[in-house]
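Student: Counting in the numbering used here, the sequence shown runs from 14 upward without gaps. After the structure tokens below, expect a handful of questions from me.
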Amino acid sequence: MELPAMTSMGMSLASNTRNTPIWAQPRAAPEPSASPIFTSFRVIAPLPGARHNVNATFSSWPRRWSMISRNRLQVKGSETMTLDRRAFTTALLSLPALAVSGRAARAEELGCTKFTMNESGLHVQPWFVQDSFLDMKEELQAANKEGKRLLVIMEAKGCPYCEKMHKVHFTMPEICSYVRKHFRVLQLDKKGAREVTDFDGTTLPENKWLVKYRAFFTPNLMFFDDDVERLVKNPPQKRIVARSDGPMPPDVFLEMFRYVKDKGYEKGGFIQYVRSRKDG
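Next up, the structure:
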């Protein structure tokens with residue numbers, strides 16, 4: 014019997030791939046990297062003013078990260094469009110890079126290396142809200158009084174990405190100083206049982222309150238609207254102007270905080286905001 018032609022991968026060109034196990038089917042060569050930061054980056058970005066998701070798959074970060082992760086950034090809107098990763102990375106990489114020289118000394122000076130671990134096993138920054146009554150309306154009012162935005166961070170004991178966020182992202186002076194200056198940060202425990210009073214006065218245990226807001230992956234960052242009346246009137250998902258589920262590179266992390274602080278979500282999507290900063 015004549016043997017079928019074989020490819021360099023040892024696969025028969027004449028074989029029916031429907032009968033071939035997925036793991037044995039030939040795969041196309043990966044597309045060359047568009048940037049030194051990501052070898053694979055897929056973004057679903059919004060049309061201006063639409064509710065949207067930004068889904069990013071990081072197949073390869075810089076060597077120091079050595080991880081494969083999935084990140085989801087969600088902000089206000091309802092329609093989506095697909096944006097080529099080159100457009101996003103080009104816009105992002107055109108922004109000023111985070112400075113490296115003198116970072117350790119400056120971080121120490123700013124108090125950005127003083128995080129501790131609490132009794133629940135969570136890493137805690139000294140500039141996070143301490144001894145909160147977990148009344149969300151009161152926390153928002155306090156943030157407004159300070160001229161800041163309210164951010165709720167959900168973390169979990171043993172979460173490696175949460176640990177990296179504290180040991181890497183928050184020790185960078187550019188990130189640490191910006192977040193401390195413009196955000197009131199309240200930390201919640203994914204498995205915690207403390208009572209949380211929501212904006213509308215309802216109460217739930219900490220872990221169930223997080224489920225109510227669909228916070229499932231850690232670290233989870235939820236940025237809330239700064240208008241008390243809208244927060245009381247709107248359902249939970251419409252109270253959040255931007256959110257991120259899971260880890261992300263430091264540059265993207267910082268851009269998200271700038272996006273919320275500048276209320277970029279009122280003018281368009283995250284990608285549009287990054288582009289406008291590049292053009293500006």
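Where is the CB? At the ideal position from N, CA and C, for every residue including glycine. Here the structure is a predicted model, which means the values were calculated and not measured.
(1) List the endpoints of the continuous beta strand (DSSP E) containing P173.
(2) For K161 and Y191, I'd like the C-alpha separation in whole angstroms.
(3) Return the CA-CA distance between P262 and D148, expressed in angstroms with no decimal places.
(4) For a quick check, are the C-beta atoms of R197 and A155 less than 8 Å apart?
(5) Just to confirm before moving on: does the CB-CB distance between G277 and F230 stay below 8 Å?
(6) Rounded to a whole number of angstroms, what is the C-alpha to C-alpha distance between E187 and K274?
(7) Quick one: grab the DSSP three-state call for V254.
(8) Leaving out the 5 sequence neighbours to the left and right, which residues in its chain are closer than 6 Å to F141 when beta-carbon positions are compared?
(9) Using the three-state DSSP reduction, which class does V165 fall into: helix, strand or coil?
(10) Terminal residues of the continuous beta strand (DSSP E) containing M235?
(11) Answer yes or no: do E168 and K203 have a C-beta to C-beta separation smaller than 8 Å?
Tutor: On the basis of the supplied data:
(1) Position 160 of the sequence shown holds residue 173. P173 -> not in any beta strand (DSSP E); alpha helix (DSSP H) instead, spanning P173 to K180.
(2) The count along the sequence shown starts at 1 and reaches residue 161 at position 148. The count along the sequence shown starts at 1 and reaches residue 191 at position 178. Spanning the two alpha carbons is a distance of roughly 11 Å.
(3) Here the question's residue 262 lines up with position 249 in the sequence shown. Here the question's residue 148 lines up with position 135 in the sequence shown. So the alpha carbons of these two residues sit roughly 31 Å apart.
(4) Stepping through the sequence shown from its first residue, residue 197 is reached at position 184. Stepping through the sequence shown from its first residue, residue 155 is reached at position 142. Yes, they are a contact pair.
(5) Against the sequence shown, residue 277 aligns to sequence position 264. Against the sequence shown, residue 230 aligns to sequence position 217. Going by C-beta atoms, G277 is not nearer than 8 Å to F230.
(6) In the sequence shown, counting from the first residue as 1, residue 187 sits at position 174. In the sequence shown, counting from the first residue as 1, residue 274 sits at position 261. Each residue's Cα considered, the two are about 15 Å apart.
(7) On the sequence shown, position 241 is the one that residue 254 refers to. Strand.
(8) Residue 141 sits at position 128 when you count from the first residue of the sequence shown. For F141, where only same-chain residues beyond five positions count, the Cβ hits under 6 Å are V198 and Q200.
(9) Looking up residue 165 in the sequence shown gives position 152. Strand, per DSSP.
(10) Stepping through the sequence shown from its first residue, residue 235 is reached at position 222. Residues N233 to F237.
(11) Numbered from its first residue, the sequence shown carries residue 168 at position 155. Numbered from its first residue, the sequence shown carries residue 203 at position 190. Contact: yes.
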